[in-house]
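Residue numbers (this note's numbering): 666 to 774. Every residue, glycine too, gets a C-beta built ideally from N, C-alpha and C. Predicted model only: the values in this text are computed from it and were never measured. Data block below; observations after.
Right under this line is the structure:
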C-alpha cells in the first residue's frame with residue numbers, strides 16, 4: 666500500500682493533475698471532496714470532470730447550512746457524482762484511492 670505525501674497545500678485540481686502525471690499511470694478509483702463551504706458549480710466545471718476523466722467514482726460532501734450555490738447552477742449532482750450534506754464539520758480534505766491515502770487540501774478551492 667502506498668500513500669501520496671504532499672508537503673504543501675494544493676487545490677483539488679492541482680492534486681488531480683499531479684495524479685494524472687504519475688509515472689506509474691495508476692488509475693484513480695475514488696475521489697472524495699469534503700468541505701465546509703463547498704462550491705458545487707466550481708467543482709462541476711473544474712475538478713469533477715478531471716476526477717471522472719481519470720476514472721474515479723466521485724463524491725462531494727458539504728455542510729448543510731453553508732452551501733454557496735443556487736440549485737439551478739448545479740446540474741450533475743446525483744447523476745455524475747454523489748452529493749451529500751452533513752453538519753457540522755470544519756475541515757477540508759481530498760482523498761483518493763491509491764491504497765487508502767489521505768491528502769490535505771487547501772481551504773476553499
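Identity of the residue in the options nearest residue i by Cα
i           : options            : result
residue 735 : 744, 704, 747, 712 : 704
residue 737 : 715, 706, 748, 676 : 706
residue 743 : 732, 731, 730, 724 : 724
residue 697 : 677, 685, 690      : 677
Check: residue i C-beta below 7 Å from any heavy atom of the ligand COA
i           : result
residue 721 : Looking at this structure, you won't find the ligand COA or any other ligand, since it has none at all.
Beta-carbon spacing of residue i, residue j below 8 Å
i           : j           : result
residue 721 : residue 694 : yes
residue 726 : residue 751 : yes
Residue burial classification, residue i (beta-carbon count within 10 angstroms, cutoff 16)
i           : result
residue 700 : buried
residue 709 : buried
residue 681 : buried
residue 773 : Caution is warranted here: a pLDDT of 47 is assigned to residue 773, below 50, making its placement in the model unreliable, and the coordinate value is therefore given only provisionally. Exposed, since its Cβ has fewer than 16 Cβ neighbours within 10 Å.
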